[in-house]
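Report on the structure given below.
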Ligand code: BTN
């Protein structure tokens, strides 16, 4: 099922692209918006409605009020890939205790997909929800659970693809990057989307299977391992040396008072 909102003329996506997504990935329903405030907001709204097919992809040509974690905004200039997947947790065997693993696993899927398109092994995961290319943030992930739950989860993904950071607000230019900046060429955004969706289907299934390989892959790509980090956990701050990510997806920090496992939180220094 495909629903298109707004004019498709001049869009980076074509009608044939939706067929391709439905044919070659696990997505069963597509909603395309020429302009939208936030694909996560829309997916959360759809989660309250009946008669949908899952996984449901909400894709935006232009997202004008994208949200990041906490009160952060997500900048996405023209050429960015911004989308949210509405998933059924039962189908993925994803009980609440494993939700912290969903961001990392989605990050791993994005890392693997984009690394095949870049020339070298240069993609890392910054726990719990960012993907870094050559030390700069190229992708952010926002996993949210609809207020009444209903067995659904939203995985929102923003990837800087052809939206060069040259066009970005100055405060982002020092810390972020886009695939086009890293590779010095443009990418077919639909191919990036397709590759990410294929990897997501594989890797998300791995959470339910408690796949050892999944855990090894998070660990290998952990940007923070060996670094001195500061993590904010609610009202508390944890400081120490990062020893990696454990089997449940927690960040392991060696502090002056012993080892702390951070299952959620925000890394404020690294
Ligand atoms: C972060 O870095 O804090 C997470 C950013 C997540 C951005 C994506 S873009 C698609 C989806 N819709 C949103 O409003 N946010 C996510």
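In my numbering, the protein residues as written are -5 to 264. All C-beta atoms in this analysis are idealised placements derived from N, C-alpha and C, irrespective of residue type, glycine included.
- In this structure, the beta-carbon distance from residue 81 to residue 49 falls below 7 Å.
- Assignment of beta-bridge partners to residue 234 by DSSP yields 223.
- In this structure, DSSP gives residue 61 an extended state, which the three-state scheme calls strand.
- Separation of residue 246 and residue 8 (C-alpha to C-alpha, rounded to the nearest whole angstrom) is 44 Å.
- With a threshold of 6 Å, the Cβ atom of residue 68 counts as near ligand 1, since some heavy atom of the ligand is closer than that.
- No residue range can be given for residue 243, since it is assigned to no alpha helix (DSSP H) and is classified by DSSP as neither H nor E.
- In this structure, residue 52 sits near residue 33, with a CB-CB distance shorter than 7 Å.
- Cβ-Cβ distances below 7 Å link residue 202 to 86, 87 and 88 in the same chain, with the five nearest sequence neighbours on each side left out; the list follows chain order.
- Counting only the Cα atoms, residue 22 lies some 15 Å from residue 146.
- Judged by DSSP in its simplified three-state form, residue 152 adopts strand.
- For the stretch 124 to 208, the continuous beta strand (DSSP E) assignments of 3+ residues that do not extend past its boundaries occur at 124 to 127, 130 to 138 and 146 to 153, in sequence order.
- For residue 106, there is no enclosing beta strand (DSSP E); the residue is found in the alpha helix (DSSP H) stretching over 93 to 109.
- In this structure, DSSP gives residue 41 a state outside helix and strand, which the three-state scheme calls coil.
- Judged by DSSP in its simplified three-state form, residue 54 adopts strand.
- Beyond the five residues adjoining it in sequence on each side, residue 257 comes within less than 6 Å, by CB distance, of 94 and 244 in the same chain, given in chain order.
- Across the structure, residue 228 and residue 3 are spaced so that their CA atoms are roughly 46 Å apart.
- For residue 14, there is no enclosing beta strand (DSSP E); the residue is found in the alpha helix (DSSP H) stretching over 9 to 18.
- DSSP, reduced to helix, strand and coil, places residue 76 within a strand of the structure shown.
- Contact check for residue 155 and residue 183: beta-carbon distance about 5 Å, within the 8 Å limit, so the pair qualifies.
- The three-state secondary structure of residue 83, taken from DSSP, is coil.
- A straight-line Cα-Cα distance of about 19 Å links residue 170 and residue 98.
- Secondary structure of residue 248 (DSSP, three-state): strand.
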